[in-house]
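Asks: Quick one: the structure is below, questions incoming.
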Amino acid sequence: GQQLNQSPQSMFIQEGEDVSMNCTSSSIFNTWLWYKQDPGEGPVLLIALYKAGELTSNGRLTAQFGITRKDSFLNISASIPSDVGIYFCAGHNAGNMLTFGGGTRLMVKP
Amino acid sequence: SQTIHQWPATLVQPVGSPLSLECTVEGTSNPNLYWYRQAAGRGLQLLFYSVGIGQISSEVPQNLSASRPQDRQFILSSKKLLLSDSGFYLCAWSTHSNQPQHFGDGTRLSIL
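Sequence order for the protein chains is F and X. First residue of the first sequence? That's 1 in the numbering used here, and the numbers climb one at a time after it. First residue of the second sequence? That's 111 in the numbering used here, and the numbers climb one at a time after it.
As structure tokens, then:
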């Protein structure tokens, strides 16, 4: 089946740093979604992208739908401690099935 | 506004016992409903989805089954739990199959 390759798998952040993560696929997707999951909770939708090239912001978060429709990135500016968690990308294919990436775990530098 | 409820939040069950997890959605009609399993530190695996009452599609052959007895109620069941059924179970809904899914808070299932 289709796969979404999400990277990095994990990263440490220091408060105030900008963060970037991305998802790529060998297949075309019609939508790209970004979710955040806190420990013990369900994923929460952060940003939804519906058109190739679309750039959308939600506060300090910015995500883009790649022109080729095979990739998307999520940037977090000026990170704060509550940004820690697991971020998932997800995409709808032509058959409207939603595929999830493996997640990026954001942690705070000790 | 729409809300989704899952219960119980945590469950500890012995091997071989039955299972019933419930999910209900409020504030919308005829939603698409989904059950996912998430292993610790891993991604989400789609188990079942439903586009209407009594309509269930299974994505992965397994020891589990799903039912949708009412428009906004989705139930995940098993007759005899296995150790491998442990995990974090998430229910989700969407207005349409090509729209974003919205998740409940999950049920942490531990099999002893």
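Just so it is clear, CB atoms sit at the ideal spot from N, CA and C, and this is done for glycine as well. All values derive from a computational prediction rather than experimental measurement.
Please list, in chain order, the chain F residues whose beta carbon lies closer than 7 Å to that of X/Q211.
Replies: Stepping through the second sequence from its first residue, residue 211 of chain X is reached at position 101. Contact annotation for X/Q211 against chain F: L98 [CB-CB distance below 7 Å, chain order].
Asks: Are the segment 83-92 of chain F and the segment 10-26 of chain F touching by the rule of at least three beta carbon pairs closer than 8 Å?
Replies: yes
Asks: For X/K58, count neighbouring Cβ atoms within 10 angstroms of its own Cβ and tell me buried if that reaches 16, exposed if not.
Replies: Residue numbering for chain X in the displayed model covers 111 to 222; residue 58 of chain X lies beyond these limits and cannot be assessed.
Asks: Counting only beta-carbon atoms, is X/G197 nearer than 7 Å to chain F?
Replies: To locate residue 197 of chain X, count along the second sequence from 1; it is residue 87. Cβ-Cβ to chain F under 7 Å: no for X/G197.
Asks: Start and end of the beta strand (DSSP E) containing F/K36?
Replies: Position 36 of the first sequence, counted from the start, is the residue given in the question as residue 36 of chain F. It spans 31-37 - the beta strand (DSSP E) in which F/K36 sits, taken as one unbroken run.
Asks: Where do the N-terminal and C-terminal ends of the beta strand (DSSP E) with F/R105 fall, by residue?
Replies: Along the first sequence, one-based indexing puts residue 105 of chain F at 105. From DSSP, the beta strand (DSSP E) with F/R105 extends over 104-108.
Asks: Taking the alpha-carbon of X/R152 as reference, which of F/P110, F/Q6, F/N96 has the nearest alpha-carbon?
Replies: For this step, residue 152 of chain X is matched to residue 42 along the second sequence. Ranking F/P110, F/Q6, F/N96 by Cα distance to X/R152 puts F/Q6 first.
Asks: Do F/L33 and F/A112 come within 7 Å of each other at the CB atom, strictly closer than that value?
Replies: There is simply no residue 112 of chain F to check, as chain F begins at 1 and stops at 110 in what is shown.
Asks: In chain F, which residues lie less than 8 Å from X/L154 when you measure between Cβ atoms?
Replies: Here residue 154 of chain X refers to the residue found at position 44 when the second sequence is read from its first residue. Those are P43, F88, F100, listed as they occur along chain F.
Asks: Can you name the residues of chain X whose CB is closer than 8 Å to the CB of F/A48?
Replies: Along the first sequence, read from residue 1 onward, the residue named residue 48 of chain F stands at position 48. Result: P210.
Asks: Can you tell which of X/G214, X/H212, X/Q211, X/S196 has the C-alpha that lies nearest to the C-alpha of X/V305?
Replies: An answer regarding residue 305 of chain X cannot be provided, because it is not within the stretch 111 to 222 covered by chain X.
Asks: Could you tell me which of F/F29, F/R69, F/E17 sits nearest to F/G95, measuring between CA atoms?
Replies: For the purposes of this step, residue 95 of chain F is identified with residue 95 of the first sequence, where counting begins at 1. Taking only the C-alpha atoms, the option nearest F/G95 is F/F29.
Asks: Roughly how many angstroms separate the alpha carbons of F/G85 and F/L106, rounded to a whole number?
Replies: The residue labelled residue 85 of chain F in the question sits at position 85 within the first sequence. The residue labelled residue 106 of chain F in the question sits at position 106 within the first sequence. About 5 Å.
Asks: How would you write the range of the beta strand (DSSP E) that X/Y146 sits in, first residue to last?
Replies: The residue given as residue 146 of chain X occupies position 36 in the second sequence. Taken as a continuous stretch (DSSP letters only), the beta strand (DSSP E) holding X/Y146 covers 142-148.
Asks: Using three-state DSSP, classify X/D195 as helix, strand or coil.
Replies: In the second sequence, counting from the first residue as 1, residue 195 of chain X sits at position 85. Note: X/D195 maps to helix in three-state DSSP.
Asks: Looking only at its chain, what residues have a beta carbon closer than 6 Å to the beta carbon of F/V19, apart from the 5 residues adjacent to it on each side?
Replies: Residue mapping note: residue 19 of chain F aligns to position 19 of the first sequence, counting from 1. The answer, listed in chain order, is I13, I76, S79.
Asks: CA-CA distance, X/A119 and F/G40?
Replies: Walking along the second sequence from the start, residue 119 of chain X turns up at place 9. Walking along the first sequence from the start, residue 40 of chain F turns up at place 40. Whole-angstrom Cα-Cα distance: 9 Å.
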